[in-house]
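Protein chains: 6
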Amino acid sequence: MPILYLEMHPGRTLEQKRAFVSEVTRVSVETLACPPDSLQIVITEVPREHWAKAGKLLSDS
Amino acid sequence: MPILYLEMHPGRTLEQKRAFVSEVTRVSVETLACPPDSLQIVITEVPREHWAKAGKLLSDS
Amino acid sequence: MPILYLEMHPGRTLEQKRAFVSEVTRVSVETLACPPDSLQIVITEVPREHWAKAGKLLSDS
Amino acid sequence: MPILYLEMHPGRTLEQKRAFVSEVTRVSVETLACPPDSLQIVITEVPREHWAKAGKLLSDS
Amino acid sequence: MPILYLEMHPGRTLEQKRAFVSEVTRVSVETLACPPDSLQIVITEVPREHWAKAGKLLSDS
Amino acid sequence: MPILYLEMHPGRTLEQKRAFVSEVTRVSVETLACPPDSLQIVITEVPREHWAKAGKLLSDS
Chain S
1 MPILYLEMHP
11 GRTLEQKRAF
21 VSEVTRVSVE
31 TLACPPDSLQ
41 IVITEVPREH
51 WAKAGKLLSD
61 S
Chain P
1 MPILYLEMHP
11 GRTLEQKRAF
21 VSEVTRVSVE
31 TLACPPDSLQ
41 IVITEVPREH
51 WAKAGKLLSD
61 S
Chain G
1 MPILYLEMHP
11 GRTLEQKRAF
21 VSEVTRVSVE
31 TLACPPDSLQ
41 IVITEVPREH
51 WAKAGKLLSD
61 S
Chain H
1 MPILYLEMHP
11 GRTLEQKRAF
21 VSEVTRVSVE
31 TLACPPDSLQ
41 IVITEVPREH
51 WAKAGKLLSD
61 S
Chain F
1 MPILYLEMHP
11 GRTLEQKRAF
21 VSEVTRVSVE
31 TLACPPDSLQ
41 IVITEVPREH
51 WAKAGKLLSD
61 S
Chain W
1 MPILYLEMHP
11 GRTLEQKRAF
21 VSEVTRVSVE
31 TLACPPDSLQ
41 IVITEVPREH
51 WAKAGKLLSD
61 S
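Residue numbers (full-length UniProt numbering), protein chains in the order written: chain S, 1 to 61; chain P, 1 to 61; chain G, 1 to 61; chain H, 1 to 61; chain F, 1 to 61; chain W, 1 to 61.
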């Protein structure tokens, strides 16, 4: 049942995403004691002009 | 006030989305006793390479 | 794979929630052509003092 | 630590988004007494055919 | 239509939340040119033991 | 900047949550090449009567 949402900037390769979901699933199974096929991961890529910190768009920082 | 978020893969037609929001609103009004115009539905399409299950991207499954 | 999130005020009975998830799953399967066991629904109850419209907390409206 | 998510239709200019994140950060710092660089804002643009109210897609309204 | 989600630690007073939703609505209307009653704000309070940064729960920092 | 959201049932211990955030941060840094202090993780515990699969509340399954 666990669902994991990752929000990050665009730019990682498909290989990085493969490694991310594989490793995060592995350590989640270890630490949360949940079966691997119960865990879903959804990735959202947020462009820098849609992400702000300290009042500034990251595309402007 | 209820807000409903649907996350699914791309691929459904506009007609399917019309039927989905119409039917889900109808049964929500019936079961939750809320007025139709109080219910908003937001659809997010998540590509298979951004959705993983059991440690694998669905685009690789 | 579809995941549905419902955000609403507290106050519905367990029976209403049972009816909601059953009916919404039925019409989602019909309109989105997805298998029933692929659909998960997560309900979040948001108290009125944590929900605002037109600049006012609903607990103050 | 506060994180703010804005969901809206496409169509605002980059200038509007700059003004939004700047002003919302300013008033959040004032009202929530949090340091500016602790606040992140994520903007999601949802097309009208993916947003429904009262059972209708906004692109059909 | 815009929906705003605020995630923060528990601890702010009801007065602070009133001021937050009022001010954020005001500046959103100004910067996004949306009518006040179209904007909803949902607040979620996340305890420090459920929020982590740099690999540590904030309740442990 | 990455933000990770975990949704799961209640029941894990504080120790399990500590191990989860520590390990997920470690493997995220390795696979996404992001600095540890840029990653935030937010945990939400969803009771079984608020989580449904195949049209049934998990508290009824």
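The beta-carbon is built from N, C-alpha and C at its ideal position, and this holds for glycine as well.
query: With E49 of chain P and S59 of chain P assumed to form a contact (beta carbons below 8 Å), what rounded beta-carbon distance in angstroms separates them?
result: 4 Å
query: What residue range is occupied by the uninterrupted beta strand (DSSP E) comprising E7 of chain S?
result: I3 to M8
Segment limits, beta strand (DSSP E) that includes A52 of chain G: W51 to K53
message: Give me the DSSP bridge partner(s) of V42 of chain F.
response: According to DSSP, which records beta bridges pairwise, V42 of chain F is partnered with G:W51 and F:Y5.
message: On the DSSP letters alone, give me the boundaries of the alpha helix (DSSP H) that L14 of chain W sits inside.
response: L14 to L32
- prompt: How many whole angstroms separate the CB atoms of V42 of chain P and E7 of chain H, which I take to be in contact at a CB cut-off of 8 Å?
  reply: 7 Å
query: Should S22 of chain P be labelled buried (16 or more other beta-carbon atoms within 10 Å of its own) or exposed?
result: S22 of chain P comes out buried.
field: Contact set between I43 of chain W and chain H, taken where Cβ atoms lie within less than 7 Å
entry: Within 7 Å Cβ-Cβ: nothing; I43 of chain W doesn't reach chain H, min ~14 Å.
message: So L6 of chain H contacts chain P; which residues on that side make the cut at Cβ distance below 9 Å?
response: L6 of chain H does not reach chain P, its nearest Cβ partner there being about 12 Å away, counting only Cβ pairs nearer than 9 Å.
message: Does S28 of chain P pass the burial test, meaning 16 or more other C-beta atoms within 10 Å, or should it be called exposed?
response: buried
query: Taking Cβ positions only, does L57 of chain F come closer than 7 Å to chain W?
result: yes
field: Under 7 Å between C-beta atoms of K53 of chain W and Q16 of chain G
entry: no
query: T31 of chain P: which of G:L57, G:G11 and G:M1 sits nearest, CA to CA?
result: G:G11
task: Per DSSP, which residues does L57 of chain F bridge with? Please list them.
output: F:A52
- request: Below 7 Å CB to CB, which residues in the same chain sit around S38 of chain S once its five sequence neighbours on both sides are set aside?
  value: M1 and P2
task: Please state whether DSSP places P35 of chain S in a helix, a strand or coil.
output: coil
task: Look at the Cβ atom of G55 of chain G, then the Cβ atom of P35 of chain F, and state whether they are nearer than 7 Å.
output: no
task: Could you name the residues of the same chain whose beta carbon sits closer than 6 Å to that of L4 of chain F, not counting the 5 residues immediately before and after it, in chain order?
output: I41
field: Outcome for L14 of chain S when other beta-carbon atoms lying within 10 angstroms are tallied against a minimum of 16
entry: exposed
- prompt: How would you list, in chain order, the residues of chain G whose beta-carbon sits under 8 Å from the beta-carbon of P10 of chain F?
  reply: Per Cβ cutoff of 8 Å: no residues; P10 of chain F is ~11 Å from chain G at best.
Proximity winner among H:S61, H:H9, H:L57 and H:R26, relative to A19 of chain F (alpha-carbon distances): A19 of chain F has its Cα closest to that of H:R26, out of H:S61, H:H9, H:L57 and H:R26.
- prompt: Going along chain F in order, which residues have a C-beta closer than 8 Å to the C-beta of D37 of chain W?
  reply: K53 and A54
query: Using a Cβ-Cβ cut-off of 8 Å (strictly less than) and excluding sequence neighbours within five positions of P47 of chain G, which residues of its own chain qualify?
result: Cβ within range, chain order: H9, P10 and S59.
- prompt: Whose Cβ in chain S lies nearer than 7 Å to the Cβ of L14 of chain H?
  reply: E49
- request: Find the residues of chain P that neighbour V46 of chain H, judging by a C-beta separation of less than 9 Å, and give them in chain order.
  value: V42, I43 and T44
message: Strictly under 7 Å for the Cβ-Cβ distance: is V29 of chain W near chain S by that measure?
response: no
Inter-residue spacing [alpha-carbon to alpha-carbon] between S61 of chain W and W51 of chain H: Each residue's Cα considered, the two are about 32 Å apart.
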